[in-house]
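**Q**
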Amino acid sequence: MQTRVLTGITTTGTPHLGNYVGAIRPAIAASRRADVDAFFFMADYHALIKSDDAARIERSRLEIAATWLAAGLDPEKVTFYRQSDIPEIPELTWFLTCVTAKGLLNRAHAYKAAVDKNTESGEDADAGVTAGLYMYPVLMAADILAFNAQQVPVGRDQIQHIEMARDIAQRFNHIYGREFFVLPEVVIEEQVATLPGLDGRKMSKSYDNTIPLFAGGAKQLRETILRIVTDSRAPGESKDAEGSALFTIFRAFASEAESAAFRVALEEGIGWGEAKQILFERVETDIAPMRERYETLIARPAEIEEILREGARKARAIASPKIAELRDAIGLRGMTSAPVATRKSKPASKAVRAPRFASFRDTDGSFRFRLFSAEGEELLLSKPFKNPKDAGAVQKRLKTLGGEAATVHTLPNSLVLELDGEPVATAPDYSGDLARDEAITYLRVALDMLAAQEKAE
Ligand code: TRP
0 MQTRVLTGIT
10 TTGTPHLGNY
20 VGAIRPAIAA
30 SRRADVDAFF
40 FMADYHALIK
50 SDDAARIERS
60 RLEIAATWLA
70 AGLDPEKVTF
80 YRQSDIPEIP
90 ELTWFLTCVT
100 AKGLLNRAHA
110 YKAAVDKNTE
120 SGEDADAGVT
130 AGLYMYPVLM
140 AADILAFNAQ
150 QVPVGRDQIQ
160 HIEMARDIAQ
170 RFNHIYGREF
180 FVLPEVVIEE
190 QVATLPGLDG
200 RKMSKSYDNT
210 IPLFAGGAKQ
220 LRETILRIVT
230 DSRAPGESKD
240 AEGSALFTIF
250 RAFASEAESA
260 AFRVALEEGI
270 GWGEAKQILF
280 ERVETDIAPM
290 RERYETLIAR
300 PAEIEEILRE
310 GARKARAIAS
320 PKIAELRDAI
330 GLRGMTSAPV
340 ATRKSKPASK
350 AVRAPRFASF
360 RDTDGSFRFR
370 LFSAEGEELL
380 LSKPFKNPKD
390 AGAVQKRLKT
400 LGGEAATVHT
410 LPNSLVLELD
420 GEPVATAPDY
430 SGDLARDEAI
440 TYLRVALDML
450 AAQEKAE
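According to numbering that gives the first Met the number 0, the residues represented by the sequence shown are 0 to 456, in order.
1) Going by DSSP in three states, L410 sits in which element: helix, strand or coil?
2) Taking the alpha helix (DSSP H) that S258 falls in, what are its first and last residues?
3) Would you check if the distance between the CB atom of P183 and the CB atom of R165 is smaller than 8 Å?
4) In this structure, does DSSP put D36 in helix, strand or coil?
5) Please report the straight-line C-alpha distance between H15 and A450, rounded to a whole angstrom.
6) Out of F179, T118 and V114, point me to the one whose CA is closest to L144's CA.
7) Compute the Euclidean distance between the alpha carbons of A347 and Y175, then round it to the nearest angstrom.
8) Start and end of the alpha helix (DSSP H) containing E189?
9) Just to check, is the beta-carbon of T2 closer than 7 Å to a non-hydrogen atom of the ligand TRP?
10) Using 8 Å as the threshold, is the segment 372 to 390 in touch with the segment 439 to 448, meaning 3 or more CB pairs across them?
11) For H45, count the other beta carbons within 10 Å of its own beta carbon; 16 or more makes it buried, fewer makes it exposed. Which is it?
12) Leaving out five residues on either side along the sequence, give the residues of the same chain with a beta carbon under 7 Å from the beta carbon of V423.
13) Rounded to the nearest angstrom, how far is the Cβ of M41 from that of T10, given a contact under 8 Å?
14) Are F213 and T66 closer than 8 Å when you measure CB to CB?
15) Could you check what DSSP says for R106 in three-state terms: helix, strand or coil?
16) Report the three-state DSSP secondary structure of S120 (helix, strand or coil).
17) When you compare only the Cα positions, how much space is there between G272 and L225?
18) Are there 16 or more other CB atoms within 10 angstroms of the CB of A455, so buried, or fewer, so exposed?
19) Note down, in chain order, each residue of its chain lying with its Cβ closer than 6 Å to the Cβ of V186, except the 5 sequence neighbours on either side.
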């Protein structure tokens, strides 16, 4: 069974060496595992909260997409997309907003920090705070919950956001009486190195101490490495490897044996200049082939665009039936679907309800079955089968088919489900196109739920 692992990358700024070692490289390595179903996306709606510079937003999206692809992200294996290409995310954000306690958002670290700062300086508590910043955790919850992500790898500063996503999911599940959302778990990579920057503090854009990953090419990489601050020990004097940023960065790229050799060289007194040259060459060995791919990609933005659109298509195939299910559950239904009075506004029990099959013997002796939605509405009536085994085999296939893969033909007031080009079931008569199209959505949702259930078992 695969675990769905999802993470977002806020598209502000240009990736540096610290981002590569701390986030990009481990995420791509994890995405290659056979038991991982990875979703990586560019959180460009989140970027709008931090920046109103359109050119910078545009540039950063391109650079970040090219960086991840150049670093080895395989878009065939990973669902890689832009948040802003998924209209289901803002739609879900609103549904979640309406069940989220305002008090919960008051407690978000980023918002609280802004309020505290204002209060300290005698300003109005909310001065300069946008509703976007305030709503940040809800948008992030929608990113995660739209795809039923099970694990969310993030930095420590994001733990609270995942806890809030769980909170919001639970609240929605409780209010609408069904397990609509999987509760996501936060994953903190403990072993991942945080790289020191030029001044020895954590490499971060906010300290202005970063080493660029690709920008400026090998020349810039070398020049920046030469600016790493060292102590004043002269060539010939023994250097403290552990205490030096040079060594820490080297170790993030090198094998054990290479690191041991570099340590000995430092302890035996090679000059800092020479040590920096060795560090540059080691980093360049890893980075050069990626930089080449990066430059090729950046020069062909249409290719990146195509990859991201395909990613969005894959992502929406999951998010769209999910939203259809939610719309129905919260009462945003077509006017022609079953009259309000005949639908229960809430399920009788809190138990998880699922679509189900019911087999029966028809009057002519044939074996047939019906498929009912989680809400108990009839979705399909099978054709007659000569024996129960054949009927069972078709049910079994339908359990794993999934909504997206289902071939559904529409008749004026009905629909036909096909397997291998053969009609196997029809739906009840509908009063019009709208009702019929809605029925197709319900059918796909039910097939998705069955497939998800089957996968979980
Ligand atoms: N807020 C995250 C960060 O700054 C980025 C992000 C947005 C994210 N949506 C997400 C991460 C969903 C994980 C899941 O790092």
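All residues carry an ideal CB built from backbone N, CA and C; glycine is no exception. Computed from a prediction, not measured in an experiment: that's the story for all the values here.
**A** This is what the structure holds:
1) Here L410 sits in strand by DSSP.
2) For S258, the uninterrupted alpha helix (DSSP H) run begins and ends at E255 to E266, by DSSP.
3) Against a cut-off of 8 Å, the Cβ pair of R165 and P183 comes out as a contact.
4) Correct three-state label for D36: strand.
5) Going by the C-alpha atoms only, they are around 41 Å apart.
6) Among F179, T118 and V114, the Cα nearest to that of L144 is on F179.
7) Residue confidence for A347 is low, a pLDDT of 47 falling below 50, so the modelled location carries little weight; the figure read from the coordinates is stated next. Their Cα atoms are separated by approximately 11 Å.
8) Bounds of any alpha helix (DSSP H) do not take in E189, whose DSSP letter is neither H nor E.
9) Incorrect: T2 has no Cβ contact closer than 7 Å to the ligand TRP.
10) Between the segment 372 to 390 and the segment 439 to 448, the count of C-beta pairs closer than 8 Å reaches three or more; the two stretches touch.
11) Per the 10 Å Cβ criterion, buried.
12) Correct list, in chain order: S381, K382, V393, L416 and E417.
13) Taking 8 Å as the upper bound for CB-CB distance, M41 and T10 are in contact here, some 5 Å apart.
14) Yes, these two residues count as a Cβ contact at 8 Å.
15) The three-state reading of DSSP puts R106 in coil, since its state is none of H, G, I, E or B.
16) S120 falls in the coil class under three-state DSSP.
17) In a straight line, the C-alpha of G272 is about 7 Å away from that of L225.
18) Here A455 is exposed: its Cβ has fewer than 16 other Cβ atoms, across all protein chains shown, within 10 Å.
19) Same-chain partners within the cutoff: Q150 and P152.
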